[in-house]
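Asker:
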Amino acid sequence: MPDADGRILGFPAENVALLGWLTPEDLTGVAQLANDVWAYVSPSGREYAIVGLEQGTAFVEVTDPLEPQVVSVVRGRPSAWRDMAVHEQVAYSVSEGGGGVQVIDLRRIDRGRVRLRRRLTTDGLATAHNISVDPDSWFAYLSGSNLEGGGLVAVDLAKPLRPRLVPGGWPFVYVHDALPVTYANGPNAGREVVFAFAGPDGVQILDVTDKRAMFQISEVRYPNLAYCHSGWLNRRRGILFVNDELDEPQRLVATTTTHILKVRDLERPVAVRPYTNGSTAVDHNSMVRGNYLFQANYRSGLRVFRIKRPRHPREVAWFDTYPADDRPRFSGAWGVHAALPSGTVLVTDIQRGLFLLHFDG
Numbered sequence: 001m002p003d004a005d006g007r008i009l010g011f012p013a014e015n016v017a018l019l020g021w022l023t024p025e026d027l028t029g030v031a032q033l034a035n036d037v038w039a040y041v042s043p044s045g046r047e048y049a050i051v052g053l054e055q056g057t058a059f060v061e062v063t064d065p066l067e068p069q070v071v072s073v074v075r076g077r078p079s080a081w082r083d084m085a086v087h088e089q090v091a092y093s094v095s096e097g098g099g100g101v102q103v104i105d106l107r108r109i110d111r112g113r114v115r116l117r118r119r120l121t122t123d124g125l126a127t128a129h130n131i132s133v134d135p136d137s138w139f140a141y142l143s144g145s146n147l148e149g150g151g152l153v154a155v156d157l158a159k160p161l162r163p164r165l166v167p168g169g170w171p172f173v174y175v176h177d178a179l180p181v182t183y184a185n186g187p188n189a190g191r192e193v194v195f196a197f198a199g200p201d202g203v204q205i206l207d208v209t210d211k212r213a214m215f216q217i218s219e220v221r222y223p224n225l226a227y228c229h230s231g232w233l234n235r236r237r238g239i240l241f242v243n244d245e246l247d248e249p250q251r252l253v254a255t256t257t258t259h260i261l262k263v264r265d266l267e268r269p270v271a272v273r274p275y276t277n278g279s280t281a282v283d284h285n286s287m288v289r290g291n292y293l294f295q296a297n298y299r300s301g302l303r304v305f306r307i308k309r310p311r312h313p314r315e316v317a318w319f320d321t322y323p324a325d326d327r328p329r330f331s332g333a334w335g336v337h338a339a340l341p342s343g344t345v346l347v348t349d350i351q352r353g354l355f356l357l358h359f360d361g
């Protein structure tokens, strides 16, 4: 489908084609706002989008992105913030509305069945802002929960349908989002590390190999730090791309700014020159696939950057889900997932719902 199809519907684009679009009302039958997005591929190879909404989590088959099909909606406590992650054939959904971690069985999703199996509420767990999974270690990490002062909390996924909290945690600062990775080679081989995005406390790099004795390796406070929100590593794990959610609204920077950190040496991370594409929107969430960085940037929509030279990104494509303007406000594109085998890129827009896109890269 050519780029023009997006423009016909009022969405300016470059090198990105609109394949499918479902509004929040299409997803659930009622008007509500959307938030984050994740993806799942079943053992048969069928592809699904997992969409966070104010009132629950929607599961949409996107194997044919031209004809997306809503499979199920799992209701949750009302919340403007909802985040999801997947391990094996299980989805985990958390929110700031309460209810702990929803454990959702995806084993029969190809038959149209998605089942909420249980809620993890051990030790009074009620709310969490985010959940992140390290598939190599079989652990998940809660950030911004009501436990450990909102710091990092480990969840054992050895039995995916029966996750359990690991005693202890890292309670020293509030963690808004987390990126866990296990190093398979190099000087950090065998080490599990979490890059914790800690609001005004910048990036906290944590060793979580021993879940009962997590410790800080180092921290980074880059120039014009306002609220360190989220980030993603390049594929060689030497560069961390960081999204600060408040540097544009607080006018600390004039244009959309991605902060670039050198993290090959975990003990001595360094902030290098930031990058801007010249927009004035707020950058929000990112994902790296190969040599490309995909960002959901609120009012400027999806932005795609080539990062073969990671310290020198170059914008190569975009799809504006919020064409009215690029003002630094909190509406428009929230989440992005760009790792489906088909190449279909999932983007959620707070007001407009789920977009299925093709990047011609």
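Just so you know, we're using the working numbering here: the sequence shown kicks off at 1 and counts up by one.
Where is the CB? At the ideal position from N, CA and C, for every residue including glycine.
All values derive from a computational prediction rather than experimental measurement.
#1: Over the uninterrupted beta strand (DSSP E) stretch that includes Pro180, give me the two end residues.
#2: Suppose the cutoff is 6 Å on Cβ atoms and the five residues either side in sequence are ignored; what does the same chain contact list for Glu148 look like?
#3: Taking the continuous beta strand (DSSP E) assigned at Pro274, which residues delimit it?
#4: Check the DSSP bridge columns for His259 and list the partner residues they point to.
#5: Give the DSSP bridge partners of Ala196, in chain order.
#6: From what residue to what residue does the beta strand (DSSP E) around Asp83 run?
#7: What's the C-alpha gap between Ala17 and Leu261?
#8: DSSP has Gln69 in a bridge; who is on the other side?
#9: Buried or exposed: where does Gln295 fall if 16 or more other Cβ atoms within 10 Å of its Cβ makes it buried?
#10: By Cβ distance, which residues of its chain are closer than 7 Å to Arg364, with the 5 residues on each side in sequence left out?
#11: If you check the beta carbons only, do Ile242 and Met214 fall under 9 Å apart?
#12: Am I right that Gly301 and Asp320 are in contact with their C-beta atoms under 8 Å? What's the rounded C-beta distance?
#13: Tell me the start and end of each unbroken alpha helix (DSSP H) in the region 8-47 that is at least 4 residues and wholly inside, in chain order.
#14: For the beta strand (DSSP E) that contains Leu354, what are its first and last residues?
#15: Quick check: the Cα distance between Thr257 and Asn291, rounded to an integer number of angstroms?
#16: Would you call the region 106-116 and the region 129-136 in contact, with 3 or more CB pairs under 8 Å?
#17: On the three-state DSSP scale, how would you describe Arg191?
#18: Taking the alpha carbon of Ser363 as the reference point, which residue from Gly56, Thr28, Thr63 has its own alpha carbon closest?
#19: When the Cα atoms are used, what is the spatial distance from Asn277 to His229?
#20: Taking the alpha-carbon positions, what's the Ser331 to Gln102 distance?
#21: Might you give, ordered along the chain, the residues of its own chain that have their beta carbon closer than 8 Å to the beta carbon of Arg212, omitting 5 neighbours on each side?
#22: Less than 8 Å between the CB atoms is what I'm expecting for Val155 and Leu142, so what's the real figure, rounded?
#23: Would Pro180 and Asn234 qualify as a contact pair, given that the criterion is a beta-carbon distance under 9 Å?
#24: Run through the region 91-143 for me and flag every whole alpha helix (DSSP H) of 4 or more residues, listed as ranges in chain order.
#25: Specify, as a first and last residue, the run of the beta strand (DSSP E) that Phe305 falls within.
#26: Skipping 5 residues on each side, what residues in its chain have a beta carbon closer than 6 Å to that of Arg164?
Answerer: For this structure:
#1: Taking the first residue of the sequence shown as position 1, residue 180 is located at position 180. Counting along the chain, the beta strand (DSSP E) containing Pro180 begins and ends at 177-182.
#2: One-based indexing of the sequence shown puts residue 148 at position 148. Answer for Glu148: Gly169, Pro171, listed in chain order.
#3: Taking the sequence shown and counting its residues from 1, the one referred to as residue 274 is at position 274. Taken as a continuous stretch (DSSP letters only), the beta strand (DSSP E) holding Pro274 covers 270-276.
#4: As a first step, residue 259 is located in the sequence shown; it is residue number 259 there, counting from the start. According to DSSP, His259 bridges with Val242.
#5: Counting from 1 along the sequence shown, the entry for residue 196 is found at position 196. Answer is Ala178, Gln204, bridged to Ala196.
#6: Counted from its first residue, the sequence shown places residue 83 at position 83. Segment 82-87, the beta strand (DSSP E) holding Asp83.
#7: Locating residue 17 in the sequence shown gives position 17, counting from the first residue. Locating residue 261 in the sequence shown gives position 261, counting from the first residue. Distance between the alpha carbons of Ala17 and Leu261 is about 31 Å.
#8: The sequence position of residue 69 within the sequence shown is 69, counting from 1. Bridge partners of Gln69: Glu61.
#9: As a first step, residue 295 must be located in the sequence shown, where it is residue number 295. Its Cβ being crowded by 16 or more others within 10 Å, Gln295 is buried.
#10: There is no way to answer for residue 364, as the model of the chain reaches only from 1 to 361.
#11: In the sequence shown, the residue the question calls residue 242 occupies position 242. In the sequence shown, the residue the question calls residue 214 occupies position 214. Looking at the sequence shown, residue 242 is not Ile but Val. Not closer than 9 Å, so no.
#12: Against the sequence shown, residue 301 aligns to sequence position 301. Against the sequence shown, residue 320 aligns to sequence position 320. Sure, about 4 Å apart at Cβ, within 8 Å.
#13: 24-28
#14: As a first step, residue 354 is located in the sequence shown; it is residue number 354 there, counting from the start. From DSSP, the beta strand (DSSP E) with Leu354 extends over 353-359.
#15: Counting from 1 along the sequence shown, the entry for residue 257 is found at position 257. Counting from 1 along the sequence shown, the entry for residue 291 is found at position 291. Whole-angstrom Cα-Cα distance: 19 Å.
#16: no
#17: As a working note, residue 191 is residue 191 in the sequence shown. Coil.
#18: Residue numbering for the chain in the displayed model covers 1 to 361; residue 363 lies beyond these limits and cannot be assessed.
#19: Against the sequence shown, residue 277 aligns to sequence position 277. Against the sequence shown, residue 229 aligns to sequence position 229. Going by the C-alpha atoms only, they are around 19 Å apart.
#20: Here residue 331 refers to the residue found at position 331 of the sequence shown. Here residue 102 refers to the residue found at position 102 of the sequence shown. Spanning the two alpha carbons is a distance of roughly 26 Å.
#21: Working through the sequence shown from its first residue, we reach residue 212 at position 212. So the list reads Val166, Pro167, Gly168, once near-sequence residues are dropped.
#22: Translated into the one-based positions of the sequence shown, residue 155 becomes position 155. Translated into the one-based positions of the sequence shown, residue 142 becomes position 142. 6 Å between Cβ atoms; contact.
#23: Counting from one through the sequence shown, the residue named residue 180 turns up at place 180. Counting from one through the sequence shown, the residue named residue 234 turns up at place 234. Result no, Cβ atoms of Pro180 and Asn234 do not sit closer than 9 Å.
#24: none
#25: Locating residue 305 in the sequence shown gives position 305, where the first residue counts as 1. Run containing Phe305: 302-306, per the beta strand (DSSP E) assignment.
#26: Within the sequence shown, the letter at position 164 stands for residue 164. Excluding residues within five positions, the ones whose Cβ falls inside 6 Å are Asp156.
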